[in-house]
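Since the structure comes first, as structure tokens, the remarks are kept for the end.
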Amino acid sequence: MTNSEQPAGPGGPLLELDGVKQHYPLPRRMPFAPRKSVRALDGVDLTVRGGETLGVIGESGCGKSTLARVIAGLDRPTEGRVLFRGQDINALRGAERKEMRRNIQLIFQDPFSALNPRKKVGELVAEPFRIHRNLLPSGRRRAKVAELMELVGLKPEHMNRYPHQFSGGQQQRIGIARGIALNPDLLVCDEAVSALDVSVRAQIVNLLQDLQRELDLSFVFIAHDLQIVRHMADRVATMYLGRVVELGDYSDVYDTTGHPYTKALLAAAPELRGGPADRERIILTGDPPSPIDPPSGCRFRSRCWMAEDICREREPELVELAGAHVSRCHFADTLIDRPSL
Amino acid sequence: AACSDGGGQAGSDGGDGTLTFETTEPKSLLPQKDPGSQIAMATCANLMEMNTKTQKYEPLAAKSVKSTDAKSWTIKLRHGWTFQDGSPVTASSFVQAWNKAAYGPNAWQGNGMFASFKGYDAMNPPDGSKPKVKKLSGVQTSGKYTITVTLSEPNSDFPKILSTNPTCPLPKVAFTDPKSYESKPISNGPYKVVSWDHNQSVTMKKWDGFKGSAGFSGGATTLVAKIYTSPDAAYTDMTANNLDMMRNIQPAMVAKAKSQLGSDALYKVKTESKQNTLQFPEYLKKLRSPELRHAIAMSIDRKSIAKSLLQGNSAPSDSLVPPSLGSYRKGSCEACTYNPTKAKKLLKKSGGFSGTLNIDYNSDSDKELVQAVSKQIKSNLGIKVQLKPMLGTELQSKRNNGKLDGALFGLWGWSFKSPDQYLSQYETNGDGNAATGYSNPAVDKLIRSARGELNVKKRNAKFAKAEHLILQDMPAIPLFVPKDYGLHSKCAVMNDVQGDLQFYRAGYGC
Amino acid sequence: MTAEPIPQPAEPILSVRDLVVEFETPAGRVRAVNDVELDVRQGQALGILGESGSGKSVTASAIMGLLDTPPAHVTSGEILLDEMNLVGLPEKQRQRVIGSEISMVFQDALTALNPVHTVGNQIGELYRVHRGMSRRASRLAAIEMMDRVRIPGAAGRVHDYPHQFSGGMRQRIVIAMALALDPKVLIADEPTTALDVTVQAQILELLKEQQDERDMGLVLITHDISVVSEVTDETAVMYAGRIVERGPTRDLLTNPAHPYSRGLASSVSSEDLKGKRLPAIPGQPPELNRLPAGCSFAPRCEFAQPECRISAPPLEEVAPGRRSACFFSDRILRQ
Amino acid sequence: MSVDRQVLSGPVEDIADEPNTWHRIRSLAQRPRFVISGALVLIMIVMAAFPQLFAGFGSDPNAGCNILNTNKPPSASHWFGYDPQGCDYYTNVIYGARASIVVGIVVTSASFVVSAILGALAGFYGRWVDALISRVCDIAFGLPFILAAIVVLQLFDHRTIWTVSFALALFHWPGGVRYMRSSVMTVRNREYVQASRVLGGSDFRLIFSHLVPNSLTPLLVLQTLGVGGVIAAEAGLTFIGVGLSPPSVSWGLQLAAARQYVSESPHLLIFPAIFLSVTVLAFVLFGEALRDEFDPKGAS
Amino acid sequence: MPVVIGATFIIYALTFAMPGDPVAALTGSRPLPASTVTQIREAYHLNDPFLAQYGHYMWNLVHGNLGIDFFGRPVSGLIAERWPNTFKLALTAWVLKLIIGLAIGVYGGLKHNRAGDHFALIFTVVFLGVPGFVIALGAQTLFGVQLNWVDPAGIGAGWPMAYILPALVMAFEASASLARLTRTSLVDVLRTDYMRTARAKGLSPSRSIWKHALRNAMIPVVTYLGLSLAGMLGGAVIIEAIFNIPGIGQLMVQAIHNKEGTVVVGIATLLVIVYLVFNLLVDLTYGLIDPRVRV
Ligand SMILES: Nc1ncnc2c1ncn2[C@@H]1O[C@H](COP(=O)(O)OP(=O)(O)OP(=O)(O)O)[C@@H](O)[C@H]1O
Ligand SMILES: Nc1ncnc2c1ncn2[C@@H]1O[C@H](COP(=O)(O)OP(=O)(O)OP(=O)(O)O)[C@@H](O)[C@H]1O
Ligand SMILES: [Mg+2]
Ligand SMILES: [Mg+2]
Ligand code: NI
């Protein structure tokens, strides 16, 4: 272990998001028109504990990738703080910031586009050490790269190849090798396996789990594929229009769902149904509303089959259902009471 | 065949007596403002003019121009001459025009032609201050038809000066309404301006009221000056039968024309009036040694260049004046005979030459010729030669301000046929002296006395003597005397007056 | 919905026989589709399952005649659409069939639509070209078609451009285009891969519904087993350019006869596997220009025997209605 | 760090041969465009560097001239004939390559570098950096080139190929900036750039290690297309009298001089024109070939 | 606006920095009399420091006064006389170039990497490689002199006859880049999914190219086209000289030769403005053909 820091105690908060908002300003349509912005994240509170895997689900455009970017420090949130081991990562400067970078790594959805096509794999895997020069004497770099490549199941001989000469699964392994090179504490996987073939996906999922065990990693695992999230995650957060609408242990969220949106998601996923008759289908109508002008009150009300007047008037708070299971719905309790709707 | 089918509206069509000639867009149609303008020449009848038939200067608008001492001149005008608008041509038509042109602040281009007039300095103070007088003190009228001119120094060439554009008369309207006058001038010459289509053409018609004899005019009933920005374009138009006359064509074009248009189309100017020289600014110490200059003069194989590169269209020059001038004596420049061995010896004698000999020249001028000359110097003397082409503005300001950094390759031509026009370059502050700044009291004295000499023979002898003196210092190396060519269609019958090819004098031969 | 055993209609509307497609590449000719045979029957959905690069799209493009020649060459085989062989059909005749008798939905709806034309124009074009309708009539038809694929406010949106629609809407428009002329067969090449779960469900629903309504044949290409199991009646599994197994979807997925299908079916995680390693097929799919001799799956196959590396097993009937290309299908079926 | 091999979920198949030298050569041979244009460019460059290798009539184009041979047409002993100075034209044309190609390459590469850097900065930082650079480019675009060249060239006492290159380069870059800027803007948001940033890479690293190499291709093609234009611009300067001057030799000078002899001595025009055209062709083809070559995917 | 100011400033500075003395150039062999020089220098503010001169110029400029040249002719008049000629020439050339370049580019794009493509490439590169004046002179001799289809020089025949030949020459010279650009763009477009869709709709090749490919392929070309017209307006010096077209380019070169600051800056300012206007037009056109950038 090259990690010099005190490993976080098991279960202690490694990462905390405190009212994080991320608004992307839009260009004005007309001069002097009021400036609008995309509310990609609109008040997100989350914690990730050391060694755990937090799954994040939600449909396209709900802000999952933005969340990943904010956690990784790529975007500075418009409001709120991202605390890593209690320190606001955006308040850090210089060496401290670099150190933070080292500890939080991000793995991208498209393995190929996350690799510079003009660099050899050896260079790509060595890049972390080029950036953090003090971590490793340059003489040992090559050996370390070989070690990493072996660790993720690639042949060190392939260092001199270019990314396109690898298959998608192998490319994702390269990405993972880069991600774990600096021995981070937290790995954010933004749909890291979505682009992979079924058979290869299983390989990568296994690899990630193995690495987590070996290296004592925490994961933020973002995916469309609800089945994989269930497989990987300890806890699951459902996002809708820039907000967390449900959060809890995976079993709570999947089995005693406390939010109609999560419910609709689960129902839409054929793989969870096992067979056509197993679960009722809820086909959500319409598209998600624009994150520029989210609906008043409950954001999901425009598509919710349970919506009532109250939903329009008041945005529900995150209510505790059972233990750490929280949901942002006025009717959460009724939902839990009727697991199959 | 220009007689067959003309191209555009301005083309030369058989029978109607129209001739077209090449020109550039005039800056002005006022003769005083554009002294070289062929259009001004065609429209103005000066006091004196060259007669095509006799090839002599003869009074035209003047009845007589006389002097006994070459210093004060009496000019008698012909009676009954009018401008093209019918207003009479009188002494004041001339005097007013001269005063205006000679007044420095007006900045008219023809200003310099009045430098020898008494009172010129007062109108152009050498210190640059604003002149207090607006009239030439040396010019007086007595009565309607007599002008007396006093020069600051005797000059027997004075009648010739009276044949140049700047001395043309101007009618009253030119002063009362100068703006509209400039776009459609009214003069007293054989042709009158009909229209000026900017950047395209100036059309002139023969003026019936012209009172001069045939020797002073041409055969075309309509003259069209077609405006070109480059001679090449004009040449092309010539080959396409859209143009009747060109002049001052470059040597390379001569060869081209011979094969494309046939030698019939070439008109060889009978009198050579130009000369190429290599001039040495006196302020460059490096180039001051006469031996060095002689060595350079000797190192140039003029004959071969003339024969091969210039294709016989130039003759080697062996004098500071072209052979057509009376003061010319064959071989007066002894160092102008090619002799590389002697040249080398002379160079050694002069103490050798280290560094680079720069040759400054106008980038518009004949590059190949300069290059050939420089090559000769380089290979026969073994010295470094660097060519420095420059834009006109740059070269002229360098020359006039004494800022040249090497020898100057130049082409000189006369405004009227006189040795003075050439040798004044070597007179202190003389015309064209700015290039070399050469100054030699003995030479100055000789030239001044030659100028005042009314006897032609004596005059020429004095000029020749001055030339001899100058050549000992060799401020300029004579190089070539180019033969001047014009191009013409079948309809245009060209002729030149003592080296000057004037389009309006062309006969119409269809 | 596919629980009942399917009564076999006699004649397939589309049937592909011994299709071979080769590509010219700098490294030589590669065989992207090798001896593929498929049958699509009226009112039935055929799923084609396989990993990336296994030749699914090339097969579909070959059927539609969309392959660029060169580099692609259909070297042998026939594609029978209602007895008419599409291979070698004169260009003019083919144009008449393509888009009307048989049509296709592509994976990426964002790029499948021309960004500079309105959607109404793009749908209407079909009516104008194939049916010779007037501009006006074709627009009305387009609106109707958009209605059919449940685009809200279709009449008001015909003049919108593709970028003004969301991903799911665009996919609907693509489907509308494919269905516009009432084709006998619709090929959908990964129609939902780019979409997220909720929209995916909507689109699959739509496809299924339209198929039933029109009683057409549907070919659904995907690498998502759950989609296949959800929608299709029959399934073909492709591997390295070959069909390695065919059969009724239910049977094939619950009891695969080919080791590859087996690997695929079992690598899907389920609740029971939580916290455990997923069963994965080891290794990587082979590259087409260096296919192993014999069975191309042999290097990754747990059942492989020396004989597998010598000759490729043919696609043979292993059970009623089931065909598999493995020497050990029986053994696997029995396990 | 010690992790069991069991982490591997299975053996990894060998996917491709190492791209060895032989493989490269063979794949080169399959791209005749690259080989031919590359060879031509190489010949031109060698010609520019060592003209004496090609010139059969001495190592100085100005030596061994005889003014009496002015413009003589090609003959068996002098393939290209003579120039107006009576010098062997073949030697001259060969030596002319130096100036023309040096000018072409120097100007192109200089403006390549400048526009790459400025374009990258503008594209990467956006906002005021972008606005500033774009405005500067607009201004530079609007400047009359001839005027600018004249002013710049008069700063130097002697006009050599270097000063001419300098003057041309000074006004050649703005076009590239636009291209570079827009291609950087597309690359900027690629994930591998983000990936490097996540690792803590500095802006400098992001720009020069990731952005620039991946967005150069359009610029490269543009610039190689422009080589001919640059060579012609040198000739154009000579034409208006502010370019190179003899005894320098360049195709531009030769073409400018040949103009007045076109009908009499066409060989003066033909030979440098052919050389120039072939060079331009070679560079254009080479640029396209390079693009394929630099595209890492192009090889497979 | 900042661009106009910046550009005029730099141009003014450049003219100021140009070698030579404009007053010296006014005369022939003999230096002008000192008083004349003084007079001219005063009249044209040549003795003022640079910034004062520039300020003076700009002051006049905003009052719509472009100043006068050394012969007293108003610059605005000089430009007005010649601008229509240049404009006619450039526009004709541009349209021809559009036709030629697009035709060759589309042809090359359709025959991508086949013989036709190579042929198109070589064709364009020959025009790129052969110096412009060679082509111009050749065309002039052939069509103007030998065949006598058009006047070889001058604009006496008016538009279009007088402009067609020089415009064609310019068009051919400039069509190379356009052809290359079009070709590349078209090749890219032909590879897109929506072209595949078009074929899957059973459209004929010609229909899918005309209706679907071309407009998309034009999107990247538009920027180039707009700027190239701006460029052509300023850059036809040699063509204007050869075909004797009195245009802006010629005027500019002459003015530079004579160091006539007012004329140079006047023309240059005009060209900068033209350039900006075309930039704007390009943006508008862009919106027209690409609905995605429409607001
Ligand atoms: N840089 C940006 N500028 C403006 N809007 C942005 C930006 N990045 C993201 N958005 C917008 O923010 C919202 C959330 O985007 P995000 O990428 O986080 O969604 P996502 O949940 O990751 O979706 P997907 O599942 O498709 O990846 C979207 O509406 C997106 O358009
Ligand atoms: N133009 C081409 N040139 C060479 N090879 C090609 C070409 N097009 C496709 N191939 C090859 O054909 C094989 C099959 O490709 P195909 O697109 O059918 O795969 P697929 O099963 O649809 O994969 P995916 O799930 O990724 O869409 C691939 O190995 C691919 O490399
Ligand atoms: Mg995302
Ligand atoms: Mg596919
Ligand atoms: Ni005639």
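Chains as they are written, first to last, in our numbering: chain A, 889 to 1229; chain B, 36 to 545; chain C, 22 to 356; chain D, 63 to 362; chain E, 18 to 312.
Just so it is clear, CB atoms sit at the ideal spot from N, CA and C, and this is done for glycine as well.
Residue i beta carbon near ligand 1 (any heavy atom closer than 7 angstroms)
i	result
V1124(A)	no
K952(A)	yes
S948(A)	yes
V206(C)	no
A1156(A)	no
P1179(A)	yes
I912(A)	According to the sequence provided, residue 912(A) is Tyr. The question's Ile does not apply to it. Yes.
D129(C)	no
D998(A)	no
A928(A)	yes
8 angstroms Cβ cutoff, residue i in contact with chain C
i	result
H129(E)	no
H1119(A)	yes
C-beta neighbour in chain E for residue i, strict 8 angstroms
i	result
Y263(B)	yes
I119(C)	yes
S162(D)	no
Near ligand 6: residue i beta-carbon under 7 angstroms from a heavy atom
i	result
G74(C)	Judged by which ligands are present, ligand 6 is missing from the structure shown, whose ligands are ligand 1, ligand 2, ligand 3, ligand 4 and ligand 5.
Neighbour-count burial assignment, residue i, 16 or more Cβ in a 10 Å radius
i	result
A201(C)	buried
I226(E)	buried
V342(D)	buried
S327(D)	buried
G238(C)	buried
Neighbour flag for residue i against chain B, beta carbons, 8 angstroms
i	result
G161(E)	yes
G181(D)	no
Y157(D)	no
Ligand 2 heavy atom lying under 7 angstroms from the CB of residue i
i	result
H244(C)	yes
P313(C)	no
Chain D within 8 angstroms of residue i, Cβ atoms only
i	result
E33(B)	With chain B covering 36 to 545 only, the question about residue 33(B) has no answer from this structure.
is_contact[residue i, chain A] using C-beta, thresh 8 angstroms
i	result
S277(D)	no
Per-residue DSSP class, three states only, for residue i
i	result
H129(E)	coil
W227(E)	helix
- Item | Cβ contact check for the segment 181-188 of chain D and the segment 304-322 of chain D: 3 or more pairs under 8 angstroms | Taking 8 angstroms as the limit for Cβ pairs, the verdict is that the segment 304-322 of chain D does not touch the segment 181-188 of chain D.
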